[in-house]
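Asks: With my numbering applied, the sequence shown corresponds to residues 2 to 237, in that order. Glycine included, C-beta positions come from ideal geometry on N, C-alpha and C. Model, not experiment: these values are computed from the prediction. Provided herewith is a single structure, encoded as C-alpha cells, for subsequent inquiry.
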Amino acid sequence: MAAMTGIRNIMILTGAGISAESGIDTFRDAGGLWEQHRVEDVATPEAFARDPELVLRFYDMRRAAIQTKAPNAAHHALARLDEHWPGDLLIVTQNVDDLHERAGASRVLHMHGQHLNAWCTACDERSRWTDTLLDRPPCPACGEAALRPDVVWFGEMPYRMDEIYAALREADLFVSIGTSGAVYPAAGLVREARELGARTLELNLERSQGSLWFEETRLGPATELVPAWVDEVMKK
Ligand code: BJW
C-alpha cells in the first residue's frame with residue numbers, strides 16, 4: 002500500500018487477537034475458547050434456553066476474568082489515534098471486553114455486545130453489570146429475575162449495523178486487527194469497504210480467512226504492528 006496519505010475517515014475493526022496479549026483467550030486459536038467449549042453449548046439462544054446455568058457460568062467466569070486484565074500497547078495506540086485524529090474514526094469491535102475504553106478510546110462501537118452489561122429479557126433495559134448472573138439477581142429497572150449477558154450469540158443480529166454501514170460509506174481506510182474473518186457480518190466488511198473504494202489493511206498474527214480481500218496484510222503481534230501503524234498514519 003502507498004504511504005498513508007490522503008486519508009481522512011478511518012474505520013477500524015478489531016477482534017479477539019487485539020486482546021490476546023492482555024491475557025484474554027481468543028476463540029479459534031489453539032487453546033482458544035471454542036476448543037474448551039462447543040459454540041452450540043454456550044453461544045446460541047438455543048443453548049441458553051436449554052441450559053441457562055451452563056451459559057451463565059461460562060459468561061460469569063469470563064466477566065470476572067476480564068476485570069483482572071489490562072489494556073495493552075495496541076489498545077493504547079488506538080486510543081492515542083482516537084484522541085488526535087481530526088477526521089471521522091470509528092473502532093468497531095467484535096470484542097465484548099472493555100479494554101478499548103479502559104485505554105481511553107471513546108469512538109468505540111461494540112457490535113457483539115459487552116460483558117459488563119446485563120440485558121433484561123422482561124423489560125429490555127440494559128444495566129452495567131460487573132457481578133455474577135448465575136444467582137439470577139433482579140433487574141435493577143423492573144425487579145424481574147430475567148437478566149442475560151448482553152452479548153450477541155450466533156443467530157442473533159449484531160448491534161448497530163446501520164451505524165457501521167453508514168461509517169463504512171464515509172471511510173477512506175478500513176483496517177482490520179486481530180480477527181480471523183470467520184464470523185459474519187463482521188467478516189464481510191472488508192469486501193464492502195473495497196467495493197466502496199476504501200483502502201484496506203489487515204494487521205494480524207496470521208492471514209485471516211478473508212485475507213485476499215485486503216490490499217495489504219502485515220503479520221505479527223498486535224502490540225508491535227498497531228503502535229507502528231498508528232505512528233505511520235499520524236505522521237502523514
Ligand atoms: C492475533 C494475536 C495477536 C491472535 N496479535 N493477532 C454463512 C455465511 C454467512 C453468515 C453465516 C453463515 N452461516 C451462518 C452465518 C451467520 C453467523 C456466522 O457468521 N457463522 C459463521 C461461523 C459462518 N453469524 C451470526 O449468526 C451473526 N448474526 C447474523 O449473521 O445475523 C444476521 C445478519 C445478516 C446480515 C447482516 C446483519 C445480520 C452473529 C454472530 C455473533 C458472534 N458472536 C460471538 C460470541 C460473542 C459473545 C462472546 O464473546 O461469547 O462473537 S462468536 C465469537 O466470534 C465472538 C467474536 O466476536 C467472533 C469473532 O471472533 P474473532 O474476534 O475473529 O476471534 P478469533 O479467535 O476467531 O480470531 C482471532 C484472530 O486473532 C486470529 O486470526 C489470530 O491469528 C489473531 N491473533 N493473537 C494479532 N497477539
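1) Find the nearest neighbour of THR131 within the set MET62, PHE28, GLY198 and TRP154, judged by alpha-carbon distance.
2) LEU91 to VAL40, Cα distance in whole Å?
3) Just to confirm, are ALA106 and ASP136 a CB contact at a threshold of 8 Å?
4) In whole angstroms, give me the CA-to-CA distance for THR69 and LEU134.
5) When the Cα of VAL234 is compared with those of VAL109, PRO87 and VAL56, which residue comes out closest?
6) Whole-angstrom Cβ separation of PRO150 and TYR60, contact assumed at under 8 Å?
7) Which whole-angstrom value describes the C-beta separation of ALA74 and THR224, a residue pair presumed to lie in contact below a C-beta threshold of 8 Å?
8) Check whether the Cβ of PHE215 lies closer than 7 Å to any heavy atom of the ligand BJW, and answer yes or no.
9) Taking all protein chains shown into account, decide if MET12 is buried (16 or more other Cβ within 10 angstroms of its Cβ) or exposed.
10) Measure the C-alpha to C-alpha separation of TYR252 and ALA44 and round it to an integer number of angstroms.
11) I'd like to know if the region 144-161 and the region 195-206 are in contact, where contact means that at least 3 CB-CB pairs between them fall below 8 Å.
12) Could you pull the start and end residues of the beta strand (DSSP E) that VAL176 belongs to?
13) Which residue or residues does DSSP assign as beta-bridge partners of VAL152?
14) Mind checking whether ILE165 and GLY18 have CB atoms under 8 Å apart?
15) THR224 lies in the beta strand (DSSP E); which residues open and close that run?
16) Alpha carbon to alpha carbon, how far is ARG195 from TRP214?
17) DSSP state of ALA50, grouped into three classes?
18) Does the distance from the C-beta atom of LEU190 to that of ASN205 stay below 8 Å?
19) Under 7 Å Cβ to Cβ from ALA78, same chain only, skipping five residues before and after it: list those, please.
Replies: So, from the listed chains and residues:
1) A check of alpha carbon separations from THR131 across MET62, PHE28, GLY198 and TRP154 identifies MET62 as the nearest.
2) If you draw a straight line from the Cα of LEU91 to the Cα of VAL40, it is about 29 Å long.
3) Between ALA106 and ASP136, the gap from beta carbon to beta carbon reaches 8 Å or more.
4) So the two alpha carbons sit approximately 18 Å from each other.
5) Checked all of VAL109, PRO87 and VAL56; the closest Cα to VAL234 is PRO87.
6) A Cβ-Cβ separation of about 4 Å places PRO150 in contact with TYR60 under the 8 Å criterion.
7) Between ALA74 and THR224 the beta-carbon gap is near 4 Å, inside 8 Å, which marks them as a contact.
8) No; taking the cut-off as 7 Å, the Cβ of PHE215 has no heavy atom of the ligand BJW nearer than that.
9) With a threshold of 16 other beta carbon atoms within 10 Å, MET12 meets it and is buried.
10) One cannot answer for residue 252 here, as it falls past the ends of the chain, which runs 2 to 237.
11) No, because fewer than three Cβ pairs between the region 144-161 and the region 195-206 fall closer than 8 Å, the two stretches do not touch.
12) Membership of VAL176 in the beta strand (DSSP E) is indicated by the continuous run 174-178.
13) Answer by DSSP bridge pairing, in chain order: GLY114.
14) Against a cut-off of 8 Å, the Cβ pair of GLY18 and ILE165 comes out as no contact.
15) First-last for THR224: 223-236, but that is the alpha helix (DSSP H), not the beta strand (DSSP E).
16) Computed Cα separation, rounded: 8 Å.
17) The answer is helix: DSSP assigns ALA50 an H, G or I state.
18) Contact flag unset, no.
19) Counting only residues of its own chain and dropping the five nearest sequence neighbours on each side, ALA78 has a CB closer than 7 Å to the CB of VAL227, PRO228 and VAL231.
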